[in-house]
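In what follows, a single structure is set out as structure tokens and then discussed.
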Amino acid sequence: MIETSNPSFRSQADEYKTVPVTARFVCDTITPIQLFETFNEDAAYLLESRDPLSLWSEYSFIGLDPFLYLEEKENAFLLRDKKGQVESRYKDFISAWDDALVKLHVSPRLPDLPFPGGAVGSFSFEAMSMNETKIKRGEEPVASFVFCRTILAFHHQKEEISVIHFQEAGADKDESYDEAVKKIKAVTEKISLSSNIEKRLFDHTQGDTESLFEGVKSNISKQDFLKNVDRVKAYIESGDAFQVVLSQRFEVDTELEGIELYRVLRKLNPSPYMFYIRTFNEELIGSSPERLVKIERDKTIDIHPIAGTRKRGTTKKEDDQLAAELLADEKERAEHFMLVDLARNDLGRVCKYGSIVTKELMTVTRFTKVMHLISKVEGTLREDVHPVEAVLRAHPAGTVSGAPKIRATEIIQELETSLRGNYAGTVAYLSFNGTIDSCIAIRTIRLKEQKAYVQAGAGVVYDSVPELEWEETRNKASALISAIKQAKESFQREETKR
């Protein structure tokens, strides 16, 4: 059913260039994955969540018909059309973002959804260079975002789909409205046929972990990584830093499609922030447990530091014992307190004086396979601070850089063999209504030119054991490498059978 009437469209089109036209209907026979594969190349992203405490978990969002891209190249921020042609150039990201909003001039009568439309994309780890000149910037863009003309919001509990089409209002408003209705009907007709599309099944049982890293390349040898841990410890002893997160990057050859990898990863590792994002020349597939910042319409901003992890117990008794052990672990507690302090410092740079509070401290939060210690630090954004600036000031998270953040990042760039790019950066949506939600790009696979890249780090402190830090990076990467190999076995084996 079309929810936006012609008179409503006309009245909004009198004031705004772009008007959201919405429709809603029951959809109880298909899944978000099936929806995404129905539209295939016309789909730019899929955002989901498996967090029982979040409203976001009620929805999956799919972006269709990408029409505008905002990305950085050679220190300039560009707005490109869907063909890749440059429309405008800017010196900084916020100027580009603000001008995109001016060009689109979207009506504020947006649907009441966690994400009512806007841009989806990522800031690389090196995006820190936007505010800190000491940080090096490589060839990869420090920012890459996409705007979509049509968004599908799949409500899991209600089994409903909302279609939001952002229609540009022309001189003939009735004709513009009819065009929007026609496009929505074309989308709904395609959805109605999607239940007839053959779904490929896959086996998600765990493989042999002993042979997991066979055929996997790393960008650093074990010997060099261990030496780097010792060098970090020397920096810590000399007072340069308290913690530095060292990482290594793994590379796997693959002919898999990104959505195939995403299907396996979302099954193996359900998380609060799950995403599949396509850009011009690469795909990002992720299942991140950790928020960077979230900004509400009332200017409330919060950060959820995560530090401290245990596997879930097989029984309630064992689960409770592991939770108690986690809460009593002095090293985990010390690291967690350090990250809470970092969060308060990050918010202190952008929030009103006296507004910052620690709403929750070291709460044991349980997920499907692990439990974490999570805190919640909250504040109110100052009127003179742009919401995107608040994200960039918190970026990158202390959990993936270290403390103090700038010096730790300098040490990372000195010791690691290549710049991080997407790893440890930020994946975010920037809404037309000013709300922002973002996560840290960990447990993330980058797919480019038939290669899958996985990166994982370990927090090095003064008493770190180099061998254990090496193993930690491999342990963290193993879930993603397992997902890649299981996807290969499932989908490529199926292609062979056909």
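Per numbering that gives the first Met the number 0: the sequence shown = residues 0 to 497.
For each residue, glycine too, the CB sits at the ideal point set by N, CA and C.
| Item | Value |
| --- | --- |
| Three-state class that DSSP yields for I134 in the structure shown | coil |
| Buried or exposed (CB count within 10 angstroms, at least 16 for buried), E388 | buried |
| Simplified DSSP assignment, three categories, for A142 | strand |
| Backbone CA spacing between E73 and P140 [nearest angstrom] | 8 Å |
| Range covered by the beta strand (DSSP E) that runs through I302 | T299 to I302 |
| For M370: DSSP bridge partner residues | R309 and R365 |
| A407 vs G401 beta-carbon contact at 7 Å | yes |
| Cα-Cα separation, L69 to L338 | 31 Å |
| Nearest-angstrom Cβ-Cβ length linking A179 and V20, presumed shorter than 8 Å | 4 Å |
| Among F279, K266, I300 and T299, nearest to G285 - alpha-carbon criterion | K266 |
| Spatial neighbours of L46 in its chain, beta-carbon cut-off 6 Å, leaving aside the 5 residues before and after | F60 and F274 |
| Simplified DSSP state of D586, which is helix, strand or coil | Here the chain comprises residues numbered 0 to 497, so residue 586 is not present and cannot be evaluated. |
| Residues of its chain near H104, where Cβ-Cβ distance is below 7 Å and the 5 sequence neighbours each way are ignored | Y15, K16 and T17 |
| Where D80 sits in the DSSP three-state scheme | strand |
| Contained beta strand (DSSP E) runs [length at least 3] in the region 203-269, N- to C-terminal order | 242-252 |
| H155, buried or exposed, once every other Cβ within 10 Å from all chains shown has been counted against 16 | exposed |
| Proximal residues to R348 (C-beta, below 8 Å), its chain only, five neighbours per side dropped | R392 |
| Residue interval of the beta strand (DSSP E) (run including A126) | Here A126 belongs to no beta strand (DSSP E), and DSSP marks it neither H nor E. |
| Sheet register partners of C147 (DSSP bridge) | P65 |
| 8 Å Cβ shell around I480 - same chain, five flanking residues per side excluded | L211, F212, V215, F249, V251 and V453 |
| G238 versus I410, E259, S246 and H385, residue with shortest Cα-Cα distance | I410 |
| N- and C-terminal bounds of the alpha helix (DSSP H) containing L103 | F92 to L103 |
| Cβ-Cβ distance between S437 and V292 below 7 Å | yes |
| Assigned exposure category for A168 - 16 Cβ within 10 Å defines buried | buried |
| Environment of S246 [buried if 16+ CB atoms lie within 10 Å] | buried |
| Alpha-carbon spacing of A95 relative to D328, whole angstroms | 46 Å |
| Through-space distance from L372 to S10, alpha-carbon basis | 50 Å |
| Coarse secondary structure for P271, derived from DSSP in three states | coil |
| K298 vs T357 beta-carbon contact at 7 Å | no |
| Per-residue DSSP class, three states only, for K157 | coil |
| Nearest-angstrom Cα separation, counted from K82 out to T364 | 44 Å |
| N- and C-terminal bounds of the alpha helix (DSSP H) containing V387 | P386 to A393 |
| Cβ neighbours of T75 in the same chain (closer than 6 Å, five flanking residues each side left out) | One detail in the question is off: residue 75 reads as Ala in this sequence, not Thr. Excluding residues within five positions, the ones whose Cβ falls inside 6 Å are R88. |
| Own chain, CB closer than 6 Å to V243, minus 5 neighbours either side, in chain order | V231, G401, A407, I410 and V459 |
| Cβ neighbour criterion (16 or more within 10 Å) applied to E377 | buried |
| First through last residue of the beta strand (DSSP E) which encompasses K330 | Counting along the chain, K330 falls outside any beta strand (DSSP E), though it belongs to the alpha helix (DSSP H) covering E329 to G347. |
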